[in-house]
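Q:
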Amino acid sequence: MPDAPRIVKTSIPAADITLGLLAGGRGTRLGGVDKAWLEREGVPQVVRWSKRFVDEHGPLLVSANRDPDRHAVHGFRVVPDRTPDLGPIGALDALADACATPWLFTLPVDLVGANDCLLRTLVSQRGGDGAYAVDADGPQPLVALWRRDALRIACAAAIAAGESAVHRLRQRLDLPAVLFAGVRFGNLNTPDDLRAAGLVVPESSST
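Heads up: take any position in the sequence shown, counting from 1, add 11, and you land on my numbering.
(1) So what's V194 in DSSP terms, helix, strand or just coil?
(2) Which class does G138 belong to by DSSP, given the choice of helix, strand or coil?
(3) Could you have a look at Q56 and say whether DSSP puts it in helix, strand or coil?
(4) Using the beta-carbon count (16 or more within 10 Å), is S74 buried or exposed?
(5) Exposed or buried, what is C128 when buried is set at 16 or more other beta-carbons lying within 10 Å of its beta-carbon?
(6) What is the rounded straight-line gap between the Cα of R181 and the Cα of P152?
(7) Decide if the stretch 135-150 is in contact with the stretch 82-102; the criterion is three or more beta carbon pairs, one per stretch, under 8 Å apart.
(8) Closest to R63 by C-alpha separation, out of S175, R81, D80 and R131, would be which residue?
(9) Need the endpoints of the alpha helix (DSSP H) that V177 sits in, please.
(10) For A47, count neighbouring C-beta atoms within 10 Å of its own C-beta (all shown protein chains included) and say buried if the count is 16 or more, exposed if not.
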């Protein structure tokens, strides 16, 4: 018998995807430093990631709970958490609520790097509600493509149930894992992480 035909997902127009940068972390392991403004080769992380996939998405939102004026200088629309102290779930809830396109692509600003094909691969291998990335370190649940309407419903249900873990949110959605074999995105969580990535370690986090 002939092989079953391979089902290829249709592409998503760039204008239908909003990039949501997650910049609301407290940076506790860095002495409270705002990781959005950590500089690499003179470019703040939030600015670097705002330009990384610029031809593959439409609007840009930044999930942040401080320094809105600083973001505004760069033309960023800041979206604060609607419910405080929920962590990433609160950020996703706020971004989903503010998102005006059918799809939301999220990236934490503390990532070190990512494949050029990251968004295209998530789009091509998505399930009904999107997809999330898995790198050499394991699941990266915030590096993800989300169907906006499904994310709104899932966030509301998770918050109502008192569930703050992102992996529990994933379980509410048709969100397959997409493996990026041999790739490590990296995260800027500690002073050693900053040094390894070639970033300047702020004085308040140098110990």
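Cβ atoms here follow ideal geometry from the backbone N, Cα and C, with glycine treated the same way.
A: Taking the coordinates as given:
(1) Here V194 sits in coil by DSSP.
(2) strand
(3) helix
(4) buried
(5) exposed
(6) Taking the straight line joining both Cα atoms gives about 8 Å.
(7) no
(8) R131
(9) Its alpha helix (DSSP H) spans residues V177 to R181.
(10) By the neighbour-count definition (other C-beta atoms within 10 Å, threshold 16), A47 is a buried residue.
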